[in-house]
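In the numbering used here, the protein residues as written are 36 to 264.
Here's what the structure looks like:
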């Protein structure tokens, strides 16, 4: 007998909060201000390779959802990702303002060779969102991604505030997502509720969430390797 959807999500969220991806040493070193400006630039280059395509990950899931009601929640998230009709406030554009403050050229960053760990991380998202079962993909994007942003961006934001050359406006990307992604996570959870009453779907949700979290742990491993030597 399957657990009710609400009880299932409470149990899953508790398991996610204990996952190593949310408590990685890289995040603690970042929070403590142990990354030099050059190392912050390395982080920014690698993270942009992932975040610039985030809207495409969401769009791929939307294309695979067969039912219009849950699809609508993802469309709302995508609308916000693209700045709600303001091209200056798309989320990649906000991240580029962060890179501008770091004196990084976005065109050159796009040509950056990804770390093996970054490449794996991006591949996991592309494969799951494009080719995975849509319920698994929603598990990866919601419980496995949007729901953890307040936990993983907080230490990054606190570390960036310790860098004297960066102003609050320069690092807007991180506190913005710490707030907005709470709503995005709730939207995806709402989209999943009608499916999560069935045990086989609960397994797919968790499978997607844990795959995303494991891939992010690999990303943090790579960033710690190159940024914290």
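Note that CB positions come from ideal geometry on N, CA and C, so glycine has one too.
Below 7 Å CB to CB, which residues in the same chain sit around residue i once its five sequence neighbours on both sides are set aside?
i: residue 106; result: 97, 100
i: residue 117; result: 90, 125
i: residue 156; result: 85, 250, 251, 253, 254
i: residue 57; result: 183, 186, 187
i: residue 112; result: 93, 219, 222
Using 8 Å for Cβ pairs, my map puts residue i next to residue j. What's the rounded Cβ distance?
i: residue 75; j: residue 198; result: 6 Å
i: residue 194; j: residue 67; result: 7 Å
i: residue 232; j: residue 40; result: 5 Å
i: residue 133; j: residue 206; result: 6 Å
Just to confirm, are residue i and residue j a CB contact at a threshold of 7 Å?
i: residue 307; j: residue 179; result: Because the chain is modelled from 36 through 264, residue 307 falls outside the range shown and cannot be assessed.
i: residue 61; j: residue 191; result: no
i: residue 201; j: residue 95; result: no
i: residue 84; j: residue 163; result: no
i: residue 243; j: residue 128; result: no
i: residue 80; j: residue 144; result: yes
Quick one: Cα of residue i to Cα of residue j, how far?
i: residue 182; j: residue 48; result: 8 Å
i: residue 214; j: residue 185; result: 7 Å
i: residue 46; j: residue 208; result: 30 Å
i: residue 59; j: residue 221; result: 24 Å
i: residue 72; j: residue 196; result: 12 Å
i: residue 262; j: residue 151; result: 14 Å
i: residue 264; j: residue 63; result: 14 Å
i: residue 189; j: residue 212; result: 10 Å
i: residue 55; j: residue 121; result: 36 Å
i: residue 138; j: residue 161; result: 29 Å
i: residue 147; j: residue 110; result: 30 Å
i: residue 38; j: residue 246; result: 22 Å
i: residue 166; j: residue 123; result: 31 Å
i: residue 30; j: residue 141; result: What the structure shows of the chain is the stretch from 36 to 264, and residue 30 is not part of that stretch, so it cannot be assessed.
i: residue 87; j: residue 44; result: 29 Å
i: residue 224; j: residue 177; result: 7 Å
Between which residues of its own chain and residue i is the CB-CB distance below 8 Å, once the five residues before and five after are set aside?
i: residue 170; result: 227, 230, 236, 239, 240, 243
i: residue 259; result: 59, 60, 61, 64
Is the Cβ of residue i closer than 7 Å to any Cβ of chain B?
i: residue 255; result: The displayed structure is made up of one protein chain only, and chain B is not part of it.
Looking only at its chain, what residues have a beta carbon closer than 6 Å to the beta carbon of residue i, apart from the 5 residues adjacent to it on each side?
i: residue 159; result: 250
i: residue 149; result: 84
i: residue 168; result: 239
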